[in-house]
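A.B. asks:
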Amino acid sequence: MPVLSVRGLSIDYLTRRGAVHAVRDVSFELEKSETLAIIGESGSGKTTLAVGLIRLSPRGTRVATGEILYTKDGMTSDIRKLDDDDLREYRWAECAMVFQAALNSFNPVITIWEQFLDTARAHGIKDKHRVRERSAELLDLVHLDARRVLPAFPHELSGGMKQRVLIALALMLEPQMLILDEPTTALDILTQRSIIDLLRQLRQRLGFSMIFISHDLSIAAELADRMITMYAGRVVERARVEDMFYRPRHPYSLGLLRAVPRVSGALGSVASIPGSPPDLIRLPKGCSYAPRCPYAIDACREAEPPLLKVDTPEHEAACIRWQHVAEVIGSKAPLPVAEKLA
Amino acid sequence: MCLVGESGCGKTTTGRLLAGLIRPTSGRLLYEGKDVWQTKGADLARFRRAVQLVHQDPYASLNPTRTVFQTLSAPLYRHKKARGGRQALAAVSELLERVDLTPPDNFVSKYPHQLSGGQRQRVSIARALTVDPKVIVADEAVSMVDVSIRISLLNLLLALGREFGVTIVLITHDLAVARYFARHGRIGVMYLGRVVELAETESLVSDPAHPYSAALIAAIPEADPEITRGKKRVELRSAEIPSLLDLPPGCTFHPRCPLSEAGLCDVKIPELLAIPGHREVACHVAVRERTAEPAAATA
Ligand SMILES: Nc1ncnc2c1ncn2[C@@H]1O[C@H](COP(=O)(O)OP(=O)(O)OP(=O)(O)O)[C@@H](O)[C@H]1O
Ligand SMILES: Nc1ncnc2c1ncn2[C@@H]1O[C@H](COP(=O)(O)OP(=O)(O)O)[C@@H](O)[C@H]1O
Ligand code: SF4
Ligand code: SF4
Ligand SMILES: [Mg+2]
Ligand SMILES: [Mg+2]
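Structure below.
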């Protein structure tokens, strides 16, 4: 039984120009203790989806269709139908989120201790002693010295320390599920490494499920069990981590993978994806990746390709030419790209 | 070449020094063999045009109230490269084409907020090109944008380097980006304000000589599950980065360095010295071990 099951979720932003179809017909499942990575360029709808999962979308958002089913102790409920009290409970006690760019969202004039108190109070924990104990425990868990960090103001902490504090806050009520939006973006190498190692340890110790969202493929390579690629609001590929990295079947996943240079091993050929994502108000007919896709044929522009089973039962790609992609990757012939290396 | 290092290690400051925007506290900056801070008049003006800085943050570096045309034509007028609107428009269009913002007509009258992050970066690069620079210092020109846009910007800079003979110094956090960008050049690794290793790119990434370079390479997460999960770590003795206001004595890396030798590393500052294999390193142990053994120390 999956912890979370998302079915046919669509989320629009209502703007003056029209409805921005930021998330379109997204379905996926998250198993207990599993880590799922959602990748895609900026603007592909990752943050919209994540925020939608805990119903914190900004005003002007319309959840057009879909279900978000959450299961605990054999009981399943649809998050979209929760009342305010249950929703608050769900948000921290069941599913906690660490937001993108949250490093700058700390209230600058209160200490970290007061941040812990506020968070605890918001969930009805009033006993200061208990909060003190719990915050010391949590900070210890993320390898911070509580005596030093609790009295500090946010600006006195480095980016990596702030990220740890945010993770500690998210774990306050022992959630079953943690959603992290771009957890290592804007941190430098050694700090990124320590956050990745920390998440790996915490997951092992506490056994929560994790969804993280990033345009950075290396964190997915480090932590994910399964991956989803999003493009123009849709899931275009879904696979186990090894399949996604070594046997991608959607040209967009392949494009993302090839746009990242490596430090170890052969440099290989690195290429960018030409063009930019489509206007989400007026989507092109057919496959929305067609204008940028090196494999596009006329048939691609007829109808939006559904997710098709490829290779194994756990692997799906929304591309009518996935077999051709498989052949190209399997062969030694150079891949077609718009920008070749000199 | 690329300069890499952790946040606060002095990359941007070095970039600003290179572009002559700040005066060195000590030491000299030579351009065509002449000390920049001793030159005046025409020589100084030539240096100022020759070395251009492309800023870290495209959102902050373009004036939000100016169109692309206004941003690019101002330096053209100032340096008398265009007289009159028609000439300026032709020159601006050519610049936009050079940075692949085509067709130029679509871009000339746009304001920064109407452009994507990658497009803004291109405008910043075009602005640096208005004065035919010999050297471009690109500070984190790639850190703000997406993976795929990033590579196309790097390719653009590389192409400019090739076609117009511009020398490019790229400043970045990302070693993988540095390896890609400087694959035919060199990487300089900085730590607490100093260059601790300077080497040809492939030899640096495959066989780092300085313990700090080795630690960085071992730590970097990579976009390949087998490689990244199987990486051998270099355990540092401490995660704490010392303050630049209170540097440790001797080698500033010694409180964290796994190879630190008491009585040597905590006392004596290692100089940046040449070792075999066309590289320079500031480490007592690396210099000792690599100059003792025969030159061919490949991985
Ligand atoms: N104008 C200034 N006044 C005082 N200190 C400064 C100034 N500018 C930079 N510094 C300090 O100098 C050191 C080096 O900063 P610099 O901006 O060069 O680092 P960097 O390597 O570019 O970092 P990042 O990767 O975060 O951009 C830092 O400790 C910084 O706080
Ligand atoms: N509050 C909003 N109002 C209107 N459009 C928005 C809003 N937030 C995001 N969008 C648009 O929705 C799309 C998806 O954005 P987002 O979910 O932030 O993507 P990602 O996290 O993948 O970068 C983008 O086209 C973005 O411009
Ligand atoms: S369906 Fe066609 S256009 Fe779309 S990704 Fe596949 S080959 Fe490319
Ligand atoms: S000089 Fe000593 S402390 Fe410094 S890097 Fe070399 S071995 Fe480490
Ligand atoms: Mg986002
Ligand atoms: Mg900087």
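In order, the protein sequence lines correspond to chains H and X. Each residue of the first sequence is one higher than the last, beginning at 417 in my numbering. Each residue of the second sequence is one higher than the last, beginning at 6 in my numbering. Ideal Cβ placement from N, Cα and C applies to all residues, glycine included.
Just checking my contact of A224/X with I605/H at CB under 8 angstroms: how many whole Å lie between their CB atoms?
C.D. replies: Translated into the one-based positions of the second sequence, residue 224/X becomes position 219. Translated into the one-based positions of the first sequence, residue 605/H becomes position 189. That belief holds up - the Cβ atoms of A224/X and I605/H are roughly 5 angstroms apart, short of 8 angstroms.
A.B. asks: At the 7 angstroms Cβ level, is S12/X part of the contact set with chain H, yes or no?
C.D. replies: Working through the second sequence from its first residue, we reach residue 12/X at position 7. It does: the Cβ of S12/X has a partner Cβ on chain H nearer than 7 angstroms.
A.B. asks: In chain H, what lies closer than 9 angstroms to Y196/X by C-beta?
C.D. replies: What you label residue 196/X is simply residue 191 of the second sequence in a count that begins at 1. Per Cβ cutoff of 9 angstroms: no residues; Y196/X is ~11 angstroms from chain H at best.
A.B. asks: Going by beta carbon distance, what residues of the same chain come within less than 6 angstroms of V753/H, once the five residues before and after it are set aside?
C.D. replies: Start at 1 with the first residue of the first sequence, and residue 753/H comes out as number 337. Caution applies to V753/H, whose pLDDT of 45 falls short of 50 and renders its modelled position unreliable; the value that the coordinates give is listed next. Cβ within range, chain order: A687.
A.B. asks: Counting pairs of beta carbons, one from the segment 449 to 458 of chain H and one from the segment 710 to 727 of chain H, are three or more of them closer than 8 angstroms?
C.D. replies: No contact exists between the segment 449 to 458 of chain H and the segment 710 to 727 of chain H.
A.B. asks: Excluding the five sequence neighbours on either side, which residues of its own chain have a C-beta within less than 6 angstroms of the C-beta of S630/H, listed in chain order?
C.D. replies: Residue 630/H sits at position 214 when you count from the first residue of the first sequence. Taken in chain order, the residues that qualify are E598.
A.B. asks: Taking the runs of the beta strand (DSSP E) that are 3 residues or longer, which of them lie wholly in the segment 441 to 519 of chain H?
C.D. replies: Whole beta strand (DSSP E) segments, 3+ residues: 451 to 455, 477 to 488, 491 to 494, 511 to 514.
A.B. asks: In the segment 630 to 664 of chain H, which residues sit with their C-beta less than 7 angstroms from some C-beta in chain X, listed in chain order?
C.D. replies: Under the 7 angstroms Cβ criterion, the segment 630 to 664 of chain H contributes H631, L633, S634, I635, A637, E638, V657, E658, F661.
A.B. asks: Is L241/X near ligand 4 - that is, is its Cβ less than 6 angstroms away from at least one heavy atom of it?
C.D. replies: Position 236 of the second sequence, counted from the first residue, corresponds to residue 241/X. Not so, every heavy atom of ligand 4 lies at least 6 angstroms from the Cβ.
A.B. asks: Please confirm whether any heavy atom of ligand 3 lies closer than 6 angstroms to the CB of P667/H.
C.D. replies: The residue labelled residue 667/H in the question sits at position 251 within the first sequence. Flag set: Cβ of P667/H near ligand 3.
A.B. asks: Skipping 5 residues on each side, what residues in its chain have a beta carbon closer than 8 angstroms to that of V657/H?
C.D. replies: Sequence index remark: in the first sequence, residue 657/H carries index 241 (1-based). Correct list, in chain order: A453, A636, A637, A640, D641, R642, M643.
A.B. asks: Between P524/H and ligand 3, is there a pair consisting of the residue's CB and a ligand heavy atom that are separated by less than 6 angstroms?
C.D. replies: Within the first sequence, the letter at position 108 stands for residue 524/H. No, ligand 3 has no heavy atom inside 6 angstroms of this Cβ.
A.B. asks: Helix, strand or coil: how does DSSP classify D714/H here?
C.D. replies: Taking the first residue of the first sequence as 1, we reach residue 714/H at position 298. In this structure, D714/H counts as helix in the three-state DSSP scheme.
A.B. asks: Whole angstroms are fine: how far does the CA of R184/X sit from the CA of T177/X?
C.D. replies: The residue labelled residue 177/X in the question sits at position 172 within the second sequence. The residue labelled residue 184/X in the question sits at position 179 within the second sequence. One C-alpha to the other measures close to 11 angstroms.
A.B. asks: Listed from N- to C-terminal order along the chain, which residues in the segment 177 to 206 of chain X have their beta-carbon within a distance smaller than 7 angstroms of any beta-carbon of chain H?
C.D. replies: Result list: H178, L180, A181, V182, R184, Y185, R188.
A.B. asks: What does V73/X reach in chain H if we use C-beta pairs closer than 8 angstroms?
C.D. replies: Walking along the second sequence from the start, residue 73/X turns up at place 68. Within chain H, no residue comes near V73/X; the closest Cβ sits about 17 angstroms away, beyond 8 angstroms.
A.B. asks: Can L633/H and A228/X be called in contact, C-beta distance under 7 angstroms?
C.D. replies: Taking the first residue of the first sequence as 1, we reach residue 633/H at position 217. Taking the first residue of the second sequence as 1, we reach residue 228/X at position 223. Contact: yes.
A.B. asks: Compute the Euclidean distance between the alpha carbons of L573/H and V565/H, then round it to the nearest angstrom.
C.D. replies: Position 157 of the first sequence, counted from the first residue, corresponds to residue 573/H. Position 149 of the first sequence, counted from the first residue, corresponds to residue 565/H. Approximately 8 angstroms between the Cα atoms of the pair.
A.B. asks: Give the straight-line distance between the Cα atoms of A742/H and H84/X, rounded to the nearest whole angstrom.
C.D. replies: For the purposes of this step, residue 742/H is taken as the residue at position 326 of the first sequence. For the purposes of this step, residue 84/X is taken as the residue at position 79 of the second sequence. Spanning the two alpha carbons is a distance of roughly 54 angstroms.
A.B. asks: Run the Cβ filter for me: residues under 5 angstroms from any heavy atom of ligand 7, listed in the order they occur in the chain.
C.D. replies: With respect to ligand 7, the structure shown offers nothing to examine, as its ligands consist of ligand 1, ligand 2, ligand 3, ligand 4, ligand 5 and ligand 6.
A.B. asks: For ligand 4, which residues have a Cβ under 5 angstroms from at least one heavy atom, in chain order?
C.D. replies: This criterion selects P216/X, C256/X, F258/X, H259/X, C262/X, L264/X, S265/X, C270/X, P275/X, C288/X, H289/X, V290/X.
A.B. asks: Within 10 Å of its beta-carbon, does Y662/H have 16 or more other beta-carbons around it, so buried, or fewer, so exposed?
C.D. replies: By 1-based counting over the first sequence, the position of residue 662/H is 246. That one is exposed.
A.B. asks: Whose C-alpha, out of L197/X, M195/X, V174/X, is nearest the C-alpha of A187/X?
C.D. replies: On the second sequence, position 182 is the one that residue 187/X refers to. Nearest of L197/X, M195/X, V174/X to A187/X, Cα basis: V174/X.
A.B. asks: Compare the C-alpha of A648/H against each of S449/H, F444/H, L446/H, T463/H and name the closest.
C.D. replies: Reading the first sequence from its first residue, position 232 is the one you call residue 648/H. Residue T463/H is the option with its Cα nearest to A648/H.
A.B. asks: Distance check for E205/X and S66/X, CA to CA, integer angstroms please.
C.D. replies: Position 61 of the second sequence holds residue 66/X. Position 200 of the second sequence holds residue 205/X. Their backbone Cα atoms lie some 32 angstroms apart in a straight line.
A.B. asks: Cα separation between R91/X and A712/H?
C.D. replies: Within the second sequence, numbered from 1, the residue matching residue 91/X stands at position 86. Within the first sequence, numbered from 1, the residue matching residue 712/H stands at position 296. Cα-Cα distance, rounded: 41 angstroms.
A.B. asks: Helix, strand or coil for L94/X per DSSP?
C.D. replies: Stepping through the second sequence from its first residue, residue 94/X is reached at position 89. Here L94/X sits in helix by DSSP.
A.B. asks: Whole angstroms are fine: how far does the CA of Y506/H sit from the CA of I470/H?
C.D. replies: Position 54 of the first sequence, counting from 1, holds the residue named residue 470/H. Position 90 of the first sequence, counting from 1, holds the residue named residue 506/H. I470/H and Y506/H: Cα-Cα distance of roughly 8 angstroms.
A.B. asks: State yes or no: is the beta carbon of K756/H nearer than 7 angstroms to at least one beta carbon in chain X?
C.D. replies: Numbered from 1 along the first sequence, position 340 holds the residue referred to as residue 756/H. Residue confidence for K756/H is low, a pLDDT of 32 falling below 50, so the modelled location carries little weight; the figure read from the coordinates is stated next. No, because no Cβ of chain X sits closer than 7 angstroms to the Cβ of K756/H.
A.B. asks: May I have the straight-line CA-CA distance separating R433/H from V439/H, to the nearest angstrom?
C.D. replies: Counting from 1 along the first sequence, the entry for residue 433/H is found at position 17. Counting from 1 along the first sequence, the entry for residue 439/H is found at position 23. In a straight line, the C-alpha of R433/H is about 17 angstroms away from that of V439/H.
A.B. asks: What residues from the segment 239 to 254 of chain X come within 9 angstroms of chain H, judged by C-beta to C-beta, listed N to C?
C.D. replies: Cβ contacts with chain H: L241, A244, I246.
A.B. asks: Quick one: which residues of the segment 666 to 677 of chain H get their C-beta closer than 8 angstroms to a C-beta of chain X? List them in chain order.
C.D. replies: If the cut-off is 8 angstroms between Cβ atoms, the segment 666 to 677 of chain H has G671, L672, L673, A675, V676, P677 near chain X.
A.B. asks: Distance, Cα to Cα, G38/X vs K45/X?
C.D. replies: In the second sequence, counting from the first residue as 1, residue 38/X sits at position 33. In the second sequence, counting from the first residue as 1, residue 45/X sits at position 40. Those two C-alpha atoms are separated by around 14 angstroms.
A.B. asks: Quick check: is the beta carbon of S704/H nearer than 7 angstroms to any beta carbon in chain X?
C.D. replies: Looking up residue 704/H in the first sequence gives position 288. No, no contact with chain X.
A.B. asks: How big is the Cα-Cα spacing for Y705/H and L465/H?
C.D. replies: For the purposes of this step, residue 705/H is taken as the residue at position 289 of the first sequence. For the purposes of this step, residue 465/H is taken as the residue at position 49 of the first sequence. Those two C-alpha atoms are separated by around 20 angstroms.
A.B. asks: Counting along the chain, where does the beta strand (DSSP E) carrying E294/X start and finish?
C.D. replies: As a first step, residue 294/X is located in the second sequence; it is residue number 289 there, counting from the start. Unbroken run through E294/X is the alpha helix (DSSP H), 289 to 297; no beta strand (DSSP E).
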